[in-house]
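As structure tokens, the structure follows; a few thoughts come after it.
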Amino acid sequence: AKDAVRLTVLRLLKTAVKNRLVDLCRPGGTLDDAEMLDLIIKEGKQRQDSIEQYTSAGRQDLADKEAAELAVIQGYLPKPLTEEELTALIDATIAEVGATSVKEMGKVMGVASKRLAGQADGKDISAKVRELLG
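Written out as structure tokens, the structure reads:
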């Protein structure tokens with residue numbers, strides 16, 4: 205479709221998948237869904253970091269290029285949760301784990317992080333868990 209940005213992003217993701225397979229000692233293999241989601245999230249975070257660095261360095265042209273790539277990458281991620289949905293899911297996780305204090309935050313984070321992968325940022329999950337347990 206002559207979409208140069210999408211083509212670039214797909215090539216970057218393909219290369220990242222190949223590199224990840226080599227790191228896992230599975231050349232020629234495949235990634236499962238969780239590994240693929242993790243890889244796409246990582247690539248998105250790299251783009252976000254690059255945007256911040258380019259903007260602070262006054263290179264808006266490069267920041268715009270990274271932003272366009274980030275928009276394409278986000279199209280392959282699950283829809284982000286709203287504040288209300290995040291609160292409800294973390295409440296359910298706290299009840300499931302049986303946590304009652306901030307001391308048990310680790311147990312809640314372990315379950316919540318896996319359950320909400322790709323739908324919420326780890327910092328947001330952590331802040332919400334701390335808020336609800338505190």
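Each residue of the sequence shown is one higher than the one before, starting from 205 at the first, in the working numbering.
Ideal Cβ placement from N, Cα and C applies to all residues, glycine included.
Notebook entry, point to check: With distances taken from CA atoms, which of V301, T286 and P282 is nearest A238?
Noted result: P282
Next item on the list: Go through its chain and collect everything with a Cβ distance to S305's Cβ below 8 Å, but skip five positions before and after it.
Entry: L337
Next item on the list: Rounded to whole angstroms, what's the CA-CA distance from R263 to V276? Just pull it up for me.
Entry: 21 Å
Item checked: Close-in-space but distant-in-sequence residues of the same chain around P231 (CB under 7 Å, 5 per side omitted) -> L225
Checklist line | Distance, E247 Cα to T212 Cα | finding: 13 Å
Notebook entry, point to check: Should A303 go down as buried or exposed, given a rule of 16 or more other Cβ atoms within 10 Å for buried?
Noted result: buried
Notebook entry, point to check: Is the Cβ-Cβ distance between K332 and T286 less than 8 Å?
Noted result: no
Check: What's the call for R334, buried or exposed, on a 16-neighbour Cβ count within 10 Å?
Finding: exposed
Margin query: Quick check on K222 - is its C-beta less than 8 Å from some C-beta in chain D?
Written below: Going by chain labels, chain D is absent from the structure shown, which holds only one protein chain.
Next item on the list: Using the Cα positions of R319 and E273, report the straight-line distance between them to the nearest angstrom.
Entry: 26 Å
Next item on the list: Would you please state the rounded distance, in angstroms, between the beta carbons of Q250 and P284? I believe it to be under 8 Å.
Entry: At roughly 18 Å, the Cβ-Cβ gap does not stay under 8 Å, so Q250 and P284 are not in contact.
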